[in-house]
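Chains A and B are the protein sequences, given in the same order. Just so we're aligned: 225 in UniProt numbering is position 225 of the first sequence, and the numbers increase by one with no gaps anywhere. Just so we're aligned: 223 in UniProt numbering is position 223 of the second sequence, and the numbers increase by one with no gaps anywhere. Yeah, the Cβ is synthetic: ideal placement off N, Cα and C, and Gly gets one too. As structure tokens, the structure follows; a few thoughts come after it.
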Amino acid sequence: MRNVAVVGFAQRQMKEFDGSPTMVELLVPLFAELYEQTGFTRKDIGFWCSGSSDYLAGRSFSFVSAVDAIGALPPVNESHVEMDAAWALYEAWLKIQTGEIDTALVYGFGKSSAGTLRRTLALQLDPYTMTPLWPDTVSLAGLQARLGLEAGLWDEKAMAEVALRSLSDAERNEYAVRSGGSSIDDLLARPLYADPLRKHDCAPVTDGAAAIILAADDRASDASETPAWITGFAHNIDPLHLGARDLTRAPSAAAAGSAAGVEGVEVAELHAPFSHQELILREELGLGANVKINPSGGALTSNPMFSAGLIRIGEAAAAISRGDAGRTLGHATAGPLLQQNLVCVMEGAH
Amino acid sequence: MTTSETRTLSAPVHVGFDYTRSVGPVLGEFFSGLRDGRLVAGRLADGSVVLPPPEFDPTTHAQVTDFVDVGPAGTVQSWTWVPEPVPGQPFDHPFAFALILLDGATAPFLHALDVPRDQLEVGMRVGVRWAAERTGSITDIEAFVPEDAASAPLALAEGTVDPVTGIITPVNLDYVYAASPEESAFFRALEEGRIIGQRCPTCHKVYTPPRGACPVDGVPTTDEVELAHTGTVTTFCIVNVPFLGQKITPPYVSAYVLLDGADIAFLHLILGVDAAEVRMGMRVRAVWRPEEEWGTTVENISHFEPTGEPDAEFDTYKQHL
Ligand SMILES: [Zn+2]
């Protein structure tokens, strides 16, 4: 295996983006930040890979328009996944492993505010037996949360603790859409929204984009004084049929964590759009009480579709770059109710 | 359209299509069952009974062929309140989604509950309220209701006996589409009867409509350039095929017009000339609609028509094909 590291990370997370759903005008300054961080120019990038969805944009081939931000003439080596850009990062990492390229720029973007997000996401369900009922994302999460409450796997207080820690930590994150710690009692006194969920149990609708540069071996050491070397990278999937699995669990997260090797991580950035889903992920990944979870505030404080998972990996890499931790984990999820899970484990100097 | 106070123009966009699919042998059993007023589950290799039946057994990967009727009553395993229903959901007033374990099944089934919120509880017994007309769709079940309020399905219309082989799911989505700042400037200029482009600060090419970034250099195009209303046809196609939403009767010509002063061609219609006479290099000019009809739209330009000038030399547009 080649040694590959995250050497640059830039992000934007906002309540509403006043501009085109292709987000070219947002991506251009993000790429400029990455060139500044790494000393690369766009001619140094061997491969480009993005994650986005036309359903979010309400516009066909939005990822093709976004390619303008790259500067795609003469032609570049480019690919796209209809997934969170964390999966685009996986594709780029794999391509570097083939030896064909040494560097890659991966980006994700999504303007969730263009439509009704919780409704649009009903289209990722089984189109025969589920989508015709339009079960929205928040309702499905509510069903999952109550199953765990009824089974005694977690309680309302444990969910509020996740929200409180996220909102408090987000005070130090300039990009967070929501922040401000209060108290467990205060959170539990707030009204139920999609019973048993309160609004602070659900990620806010967020527009945004993010980008990461990967580089191999010497190219990584040239581009960064503190590369975050990827030591394990895996993704797994559970059945789409909601009756075919125990919804209080995410076996695919456990499988990905086991394959990526989560032992010894000090910081874990988990992509959990609902408070109880963080509890499921901690359990499946076997993260003990000594692991610091989501120091960025996590997805409960901003959740830009198609880049929130990539941001988790970027934040986990940044924790290494800042010297906050020697070994960290970034996690991304996709599909309904933690159906698909990806884990990327990184380490500092080695 | 919003006013010029905002940075960008925006407009509502509706995306709609009928998702039309054959259902295959397994879901065909399920949908035929619903149409007939029965709940048909699949029995899997490990003995579990799942509704709707999965097409393939997740353990053996074999096609599911063992079908068994379950319900029609069952027990609520989980529910969630839907305080703000969205279009397409079973009710437009607040209701509940639930996971229901039907009698005889081993895995829960997702559907709606039409039960007042203060009566909802895990473990409650519920039954089906069937739709008045059943077509072989998940919405043949209108909702689940308390067991004592459940109803037997009404008889089918005469002659409805063939198995269900397909479904049509209407998908309708509403968006607010925002133009980029560069596109917004372009549309605002059109409202004033002007065509503008923007010049890349690096390679100096002029793009119209302006783009968020130069595709050659990946930098924002910044300098605004006013373009002529005349140009050269670089390439064209004669549309002979009728299609949904077509506004002009075929045959007509759709063409790329390289406006004088621009480095990228602009797609529009060529009218006012026999389609057979349109050719590469033909010089054309924009024909505008009456000023009182102008808005922030490219439709302000009705079409392009020949200027009568001699054709442009191939060398003047060969870089733009
Ligand atoms: Zn340029």
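Under 8 Å between C-beta atoms of Gly218 (chain B) and Glu182 (chain B): What you label residue 218 (chain B) is simply residue 218 of the second sequence in a count that begins at 1. What you label residue 182 (chain B) is simply residue 182 of the second sequence in a count that begins at 1. No, they are not a contact pair.
Chain-ordered neighbours of Trp48 (chain A) on chain B, where CB pairs are closer than 9 Å: Taking the first residue of the first sequence as position 1, residue 48 (chain A) is located at position 48. Close to Trp48 (chain A), with beta-carbon spacing below 9 Å, lies no residue of chain B; the smallest spacing is near 11 Å.
Which of helix, strand or coil DSSP assigns to Leu105 (chain A): On the first sequence, position 105 is the one that residue 105 (chain A) refers to. Strand at Leu105 (chain A).
First and last residue of the uninterrupted beta strand (DSSP E) at His14 (chain B): On the second sequence, position 14 is the one that residue 14 (chain B) refers to. 10-22 is the span of the beta strand (DSSP E), which, as asked, contains His14 (chain B).
Chain A contact for Tyr252 (chain B) (CB, 8 Å cutoff): Taking the first residue of the second sequence as 1, we reach residue 252 (chain B) at position 252. Not one chain A Cβ lies under 8 Å of Tyr252 (chain B).
In DSSP terms, what Gly346 (chain A) is bridged to: For the purposes of this step, residue 346 (chain A) is identified with residue 346 of the first sequence, where counting begins at 1. The question names Gly, but residue 346 (chain A) in the sequence shown is Met. Met346 (chain A) pairs with A:Ile230, A:Thr328.
Beta-carbon gap between Leu188 (chain A) and Phe274 (chain A) smaller than 8 Å: Translated into the one-based positions of the first sequence, residue 188 (chain A) becomes position 188. Translated into the one-based positions of the first sequence, residue 274 (chain A) becomes position 274. At a Cβ-Cβ threshold of 8 Å, Leu188 (chain A) and Phe274 (chain A) do not count as neighbours.
C-beta contact flag for Thr59 (chain B) and Gly123 (chain B) at 8 Å: The residue you call residue 59 (chain B) lines up with position 59 of the second sequence. The residue you call residue 123 (chain B) lines up with position 123 of the second sequence. Result no, Cβ atoms of Thr59 (chain B) and Gly123 (chain B) do not sit closer than 8 Å.
Neighbourhood of Gly127 (chain B) by C-beta, 7 Å cutoff - its chain only, sequence neighbours within 5 removed: To locate residue 127 (chain B), count along the second sequence from 1; it is residue 127. Taken in chain order, the residues that qualify are Pro72, Ala73, Phe144, Val145, Glu147, Ala150.
For Val138 (chain A) and Met305 (chain A), the rounded distance between their alpha carbons: Locating residue 305 (chain A) in the first sequence gives position 305, where the first residue counts as 1. Locating residue 138 (chain A) in the first sequence gives position 138, where the first residue counts as 1. Met305 (chain A) and Val138 (chain A): Cα-Cα distance of roughly 15 Å.
Host beta strand (DSSP E) of Gln13 (chain A) (start-end): In the first sequence, the residue the question calls residue 13 (chain A) occupies position 13. Note, Gln13 (chain A): beta strand (DSSP E), 4-14.
Between the CA atoms of Pro52 (chain B) and His111 (chain B) - distance to the nearest angstrom: Counting from one through the second sequence, the residue named residue 111 (chain B) turns up at place 111. Counting from one through the second sequence, the residue named residue 52 (chain B) turns up at place 52. Cα to Cα, His111 (chain B) sits roughly 11 Å from Pro52 (chain B).
Separation of Val225 (chain B) from Tyr175 (chain A), as counted between CA atoms: Reading the first sequence from its first residue, position 175 is the one you call residue 175 (chain A). Reading the second sequence from its first residue, position 225 is the one you call residue 225 (chain B). C-alpha separation (whole angstroms): 36 Å.
Closest by C-alpha distance to Gly71 (chain A), when choosing among A:Ala151, A:Trp87, A:Val24: By 1-based counting over the first sequence, the position of residue 71 (chain A) is 71. For Gly71 (chain A), the nearest C-alpha among the options comes from A:Val24.
Buried or exposed by the 16-neighbour rule on C-beta atoms within 10 Å, applied to Glu171 (chain A): Taking the first sequence and counting its residues from 1, one reaches residue 171 (chain A) at position 171. Glu171 (chain A) should be labelled exposed.
Gly110 (chain A) and Ser53 (chain A) closer than 8 Å at C-beta: In the first sequence, residue 110 (chain A) corresponds to position 110, counting from 1. In the first sequence, residue 53 (chain A) corresponds to position 53, counting from 1. Going by C-beta atoms, Gly110 (chain A) is nearer than 8 Å to Ser53 (chain A).
Closer than 7 Å: Lys43 (chain A) CB and nearest ligand 1 heavy atom: Taking the first sequence and counting its residues from 1, the one referred to as residue 43 (chain A) is at position 43. No - ligand 1 has no heavy atom lying nearer than 7 Å to the Cβ of Lys43 (chain A).
Best match in A:Leu30, A:Gln277, A:Glu347, A:Asp217 for proximity to Asp102 (chain A) [C-alpha to C-alpha]: Position 102 of the first sequence, counting from 1, holds the residue named residue 102 (chain A). When C-alpha distances from Asp102 (chain A) are compared across A:Leu30, A:Gln277, A:Glu347, A:Asp217, the shortest belongs to A:Asp217.
Partner residues on chain A for Pro58 (chain B), Cβ-Cβ distance less than 7 Å: Residue mapping note: residue 58 (chain B) aligns to position 58 of the second sequence, counting from 1. Here the neighbours are Pro239, Ala244.
For Leu120 (chain B), the three-state DSSP class (helix, strand or coil): As a position in the second sequence, residue 120 (chain B) is number 120, starting the count at 1. Correct three-state label for Leu120 (chain B): coil.
Boundaries of the beta strand (DSSP E) in which Ser50 (chain A) is found, first to last residue: Within the first sequence, numbered from 1, the residue matching residue 50 (chain A) stands at position 50. Ser50 (chain A): member of the beta strand (DSSP E) spanning 48-51, first to last residue.
Near-chain A residues of the UniProt domain "ChsH2 rubredoxin-like zinc ribbon" (189-219) of chain B (beta-carbon distance less than 8 Å), N- to C-terminal order: Arg211, Gly212, Ala213, Cys214, Pro215, Val216, Asp217, Gly218, Val219
For Ile264 (chain B), the first and last residue of its enclosing beta strand (DSSP E): Within the second sequence, the letter at position 264 stands for residue 264 (chain B). No beta strand (DSSP E) contains Ile264 (chain B), which DSSP labels as neither H nor E.
Three-state class that DSSP yields for Thr139 (chain B) in the structure shown: Locating residue 139 (chain B) in the second sequence gives position 139, counting from the first residue. Helix at Thr139 (chain B).
Entirely enclosed beta strand (DSSP E) segments - the UniProt domain "ChsH2 C-terminal OB-fold" (68-130) of chain B, minimum 3 residues: 74-82, 95-102, 109-113, 125-130
Neighbourhood of Leu102 (chain B) by C-beta, 8 Å cutoff - its chain only, sequence neighbours within 5 removed: The residue given as residue 102 (chain B) occupies position 102 in the second sequence. Cβ within range, chain order: Leu39, Ala41, Leu51, Val70, Gly71, Pro72, Ala73, Gly74, Phe109.
Contact between the region 84-91 of chain B and the region 116-130 of chain A (3+ Cβ pairs under 8 Å): yes
Ile311 (chain A) vs Ala5 (chain A) beta-carbon contact at 8 Å: As a position in the first sequence, residue 311 (chain A) is number 311, starting the count at 1. As a position in the first sequence, residue 5 (chain A) is number 5, starting the count at 1. No, the pair does not count as a contact, with Cβ atoms beyond the cut-off.
Segment contact, 8 Å Cβ cut-off, at least three pairs: the region 24-40 of chain A with the region 191-210 of chain B: no
Environment of Asp136 (chain A) [buried if 16+ CB atoms lie within 10 Å]: The sequence position of residue 136 (chain A) within the first sequence is 136, counting from 1. Its Cβ being crowded by 16 or more others within 10 Å, Asp136 (chain A) is buried.
Per-residue contacts from Ser31 (chain A) into chain B (C-beta, under 8 Å): For the purposes of this step, residue 31 (chain A) is identified with residue 31 of the first sequence, where counting begins at 1. Here residue 31 (chain A) turns out to be Phe, not Ser, going by the sequence shown. Residues of chain B passing the Cβ test: Gly218.
Neighbour flag for Met14 (chain A) against chain B, beta carbons, 8 Å: What you label residue 14 (chain A) is simply residue 14 of the first sequence in a count that begins at 1. False, the Cβ-Cβ gap to chain B never drops below 8 Å.
Asp201 (chain A) (DSSP reduced to helix, strand or coil): Here the question's residue 201 (chain A) lines up with position 201 in the first sequence. DSSP places Asp201 (chain A) in helix when its eight states are reduced to three.
Chain B contacts made by the region 136-156 of chain A, where a contact means CB separation under 7 Å: Asp136, Ser139, Gly142, Leu143, Arg146, Leu147, Glu150
Neighbourhood of Ile303 (chain B) by C-beta distance below 6 Å, restricted to the same chain and skipping five residues each side: On the second sequence, residue 303 (chain B) is found 303 positions in, with the first residue counted as 1. Sequence inspection shows His at residue 303 (chain B); the Ile mentioned does not correspond to that position. Result list for His303 (chain B): Leu269, Leu271, Val287, in chain order.
Positions along the region 194-211 of chain A whose CB lies within less than 8 Å of some CB in chain B: Across the region 194-211 of chain A, CB contacts with chain B closer than 8 Å involve Ala194, Asp195, Pro196, Leu197, in sequence order along the chain.
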